[in-house]
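If you read the sequence shown in the numbering used here, its first letter stands for residue 713, the second for the next number, and so on. Think of the CB as a built atom: it goes at the ideal place given N, C-alpha and C, for glycine as much as any other residue.
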Amino acid sequence: MKVKIPELNLWLTGQGEDRLLRVLKLNRTSLKKEDIHSLGFVEDINATITSKQIFISPTIMGSGVRLKILHAFSLGMPVICTSIDAKSLPYLKHRENVMVANTPGEWANAINELLHDQILREKISNNARLLVMNYYNWDRYMKEVMEVYNSLQ
């Protein structure tokens, strides 16, 4: 990706830098050389996320709802995720409220496009925020929970 987007910097949060180094087959010196920054645990994740241009979720396995994606959406961030992530959230639509990428080439293209196309970046960010407000909010889920609860009485 650095060949296609030389100005690219990757910022990672969460514990597990040693695991990251093993997965990427890099050492700490290589991380810096490749402009990969491991922040570890951060106190204010909202400030960290919103200080960047794009939120990336490169999930390659797993199941369940991707709360980190919904969190990024709620902060108005454009998100690039894998099809595994997209399948976990039924309302995700490629190029409407998220960018979906699976191969290194697709990732590079999606990052490049979002970095350089402000209209697309704003469209995806705005649609993603609306998605969270309309479909993934406590009021909606409480109503559904109460309907199920009341039907049991």
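Express the C-alpha separation of Lys764 and Met789 in angstroms, rounding to a whole number. Straight-line Cα distance between these residues: approximately 9 Å.
Lys744 to Tyr861, Cα distance in whole Å? Between the alpha carbons of Lys744 and Tyr861 lies a distance of about 53 Å.
Which one or two residues does DSSP pair with Met811 in a beta bridge? Ile792, per the DSSP bridge assignment.
Under 9 Å between C-beta atoms of Val879 and Phe753: Past the boundaries of the shown model lies residue 879; the chain is included only from 713 to 865, so the question cannot be answered.
When the distance is taken between beta carbons, is Asn809 closer than 9 Å to Ile836? Yes, these two residues count as a Cβ contact at 9 Å.
Between the C-alpha atoms of Met854 and Leu782, what's the straight-line distance to the nearest angstrom? Answer to the nearest angstrom: the Cα atoms are 18 Å apart.
Where does Phe785 sit, in a helix, a strand or coil, going by DSSP? Residue state, collapsed to three classes: helix.
Please check the pair Leu779 and Thr762, which I expect to be a contact at CB under 8 Å, by giving their CB distance rounded to whole angstroms. The pair is not a contact, with the Cβ atoms about 17 Å apart (cut-off 8 Å).
Give the single residue among Ala840, Gln865 and Leu751 whose Cα lies nearest to the Cα of Gln727. When only C-alpha atoms are compared, the closest one is Leu751.
Counting along the chain, where does the alpha helix (DSSP H) carrying Ile757 start and finish? Here the alpha helix (DSSP H) through Ile757 covers Ile757 to Thr762.
Given this structure, state the Cα-to-Cα distance separating Tyr847 from Lys805, to the nearest angstrom. The alpha-carbon separation between Tyr847 and Lys805 amounts to approximately 14 Å.
As an exercise, report each continuous beta strand (DSSP E) stretch of at least 3 residues that is fully enclosed by the stretch 719–747, in chain order. Within the stretch 719–747, the complete beta strand (DSSP E) runs of at least 3 residues are 722–725.
Mapping DSSP to helix, strand and coil, what is Gly752? Looking at Gly752 - three-state DSSP - the assignment turns out to be strand.
Counting only runs of 3+ residues fully inside the stretch 819–857, write out the beta strand (DSSP E) ranges in chain order. Within the stretch 819–857, no complete beta strand (DSSP E) run reaches 3 residues.
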